[in-house]
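Residues 19 to 166 (our numbering) make up the sequence shown, in order.
C-beta: ideal position from N, C-alpha, C; glycine also.
As the structure is a prediction and not an experimental result, all values here were calculated from the model.
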Amino acid sequence: MGASSSQGSDAELVLAVKRAVSRFYTRMRSERPPGDLGDGALEVLARVEKYGPHTLTELSDFYRVTPASMSQSVNRLTSSGYAERDRDPSDGRRVLIAATEAGARLSVDARGRRDAWISAQLEALDETDREVLERASELLLRMADGRE
19 MGASSSQGSD
29 AELVLAVKRA
39 VSRFYTRMRS
49 ERPPGDLGDG
59 ALEVLARVEK
69 YGPHTLTELS
79 DFYRVTPASM
89 SQSVNRLTSS
99 GYAERDRDPS
109 DGRRVLIAAT
119 EAGARLSVDA
129 RGRRDAWISA
139 QLEALDETDR
149 EVLERASELL
159 LRMADGRE
């Protein structure tokens, strides 16, 4: 095969991977608890619930958004009672964002709903397809982490 054939199939694979990941992510995000929190705020809440308090800068860097954009998500969470701002005990100049009890419950519920949806989809697959997804998951993680 020539280089142009390989480039054409690479372009098709790029499109196929983007389409599949995007549709899966969109569908998974629809499995969420009722409420008016946006997906961005729910993701931030899940991060601080699962991994502990973060600074606004840490959250902005992790999600690759501006501090102003992250501040809006954090403000939405704090005004809804799902997160709180506290002084860092080791450095009083820093402010940490942490999940409240209500926020932790909401985050666990959202994760449970999504996990249940994914489990139901996996149960409908045969063993061969499940093995393919396991391998694809490993590859997608490797790509996302920038590992070769």
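Query                                                                                                                                  : Result
Beta-carbon gap between glycine 56 and serine 91 smaller than 9 Å                                                                      : yes
For proline 196, the nearest candidate out of Ser155, Ser27, Arg132 and Ser108 (CA to CA)                                              : Residue 196 lies beyond the range of the chain shown here (19 to 166); nothing can be said about it.
Chain-order list of residues whose beta-carbon lies under 8 Å from that of phenylalanine 80 (same chain, five-residue window excluded) : Arg65 and His72
Proximal residues to arginine 112 (C-beta, below 8 Å), its chain only, five neighbours per side dropped                                : Thr73, Arg105 and Asp106
Segment contact, 8 Å Cβ cut-off, at least three pairs: the stretch 46 to 56 with the stretch 130 to 150                                : yes
Beta-carbon contacts of isoleucine 136 that lie in its chain and below 8 Å, excluding the five residues immediately before and after   : Met46
Residue range of the beta strand (DSSP E) that includes alanine 116                                                                    : 109 to 117
Arginine 94, buried or exposed, once every other Cβ within 10 Å from all chains shown has been counted against 16                      : buried
Exposure of valine 62, with buried meaning 16 or more beta-carbon neighbours within 10 Å                                               : buried
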